[in-house]
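Oh and the sequence shown: position 42 is 1428 in our numbering, straight run, nothing missing.
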Amino acid sequence: MTRIVVVDDDPQLARALRINLRARDHEVHVATSGAEALRTVAEVSPDLVILDLGLPDLDGVEVIHGVRGWSQVPIIVLSGRGGGPDKVAALDAGADDYVTKPFGMDELLARIRAVTRRSVSGDTAPVPRVEFGDVTVDLADKVVTRRRADGATQPIHLTPTEWSLLEALVRQPGKLLSQRQLLTQVWGPAYVSQPANLRLYMTQLRRKLEPEPARPRHLLTEPGMGYRFRPEGREPAYGAPEGS
1387 MTRIVVVDDD
1397 PQLARALRIN
1407 LRARDHEVHV
1417 ATSGAEALRT
1427 VAEVSPDLVI
1437 LDLGLPDLDG
1447 VEVIHGVRGW
1457 SQVPIIVLSG
1467 RGGGPDKVAA
1477 LDAGADDYVT
1487 KPFGMDELLA
1497 RIRAVTRRSV
1507 SGDTAPVPRV
1517 EFGDVTVDLA
1527 DKVVTRRRAD
1537 GATQPIHLTP
1547 TEWSLLEALV
1557 RQPGKLLSQR
1567 QLLTQVWGPA
1577 YVSQPANLRL
1587 YMTQLRRKLE
1597 PEPARPRHLL
1607 TEPGMGYRFR
1617 PEGREPAYGA
1627 PEGS
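In structure tokens form, the structure reads like this:
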């Protein structure tokens, strides 16, 4: 049985795909937004992702970048955007195939068979884990730990919101995420005009994870634009503390 995550906000198409794929003994999980897609892929560790580009919160290319930050699961883009630039952007981001709507179910099934054959290696997929400084973020078990000087590990307690914000950042290392993206992904579209939430929780994360919270090296502010996670760290700045 192949475990497939279908990401599409069109309920009729998502239902048709779920019925057709389940009829062929695939296990199917449906996500209707980019944020839900990233959470679902992390939770179910699928064998394949079928992804629409036109999602209500994140662009599908952003979702591909997010998944590729820690997983090589095959991704088939299923989109009404037939233009060359959209295909190039999706494939450059890490998609394995691109199918333009409308499409035939037989063609899609053939492409599913092709990409899943290519991905079979017989190896167990590595557990998604991100390390920075003395901190380890286990994305599979949703656990954060700190390595102490004696070599032992110490758990770091995060609230559900702190975890969601950290997860959004570490899944896309090095990428600038706008305030709007993070507010939409973590709190929902209704909160895009409340950046104070984001500043508060970034401050809390830095207090728990950064060696010098006032001069962060990994959870960085890009003034006027958003935030960036840098796993390798930034050289400490010895001037005015960075704004939150």
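Even for Gly, the Cβ is constructed at its ideal location relative to N, Cα and C. Given the structure is predicted, the values throughout are model-derived calculations rather than measurements.
{"Item": "Using the Cβ count rule (16 or more neighbours within 10 Å means buried), how would you classify P1546?", "Value": "exposed"}
{"Item": "With 16 as the cutoff for other CB atoms within 10 Å, does I1461 come out buried or exposed?", "Value": "buried"}
{"Item": "Compare the C-alpha of T1570 against each of L1441, V1391, L1399 and R1410 and name the closest.", "Value": "L1441"}
{"Item": "Tell me the residue span of the beta strand (DSSP E) that contains S1465.", "Value": "I1461 to S1465"}
{"Item": "Using DSSP with H/G/I as helix, E/B as strand and the rest coil, what is V1578?", "Value": "coil"}
{"Item": "Got a sec? Which residues, its chain only, sit under 6 Å from G1612 by beta carbon, not counting five neighbours each side?", "Value": "L1562, L1563, S1564 and Q1565"}
{"Item": "Which residues in the same chain as S1431 place their Cβ atom closer than 6 Å to its Cβ, once the five residues preceding and following it in sequence are excluded?", "Value": "none"}
{"Item": "Looking only at its own chain, which residues have a Cβ that is under 8 Å from the Cβ of L1551, when we skip the five neighbours before and after it?", "Value": "L1568, V1572, L1584, Y1587, M1588 and L1591"}
{"Item": "Assess contact between the stretch 1448 to 1459 and the stretch 1420 to 1431, defined as three or more Cβ pairs (one per stretch) separated by less than 8 Å. Is contact present?", "Value": "yes"}
{"Item": "Around the C-beta of L1403, are 16 or more other C-beta atoms found within 10 angstroms, so that it is buried, or is it exposed?", "Value": "buried"}
{"Item": "Name the two residues that bound the continuous beta strand (DSSP E) containing D1483.", "Value": "D1483 to T1486"}
{"Item": "Considering just the uninterrupted stretch of the beta strand (DSSP E) at H1415, what are its terminal residues?", "Value": "E1413 to A1417"}
{"Item": "Between the stretch 1411 to 1418 and the stretch 1388 to 1402, are three or more C-beta pairs nearer than 8 Å?", "Value": "yes"}
{"Item": "From R1532 to E1517, what does the alpha carbon distance come to, in whole angstroms?", "Value": "10 Å"}
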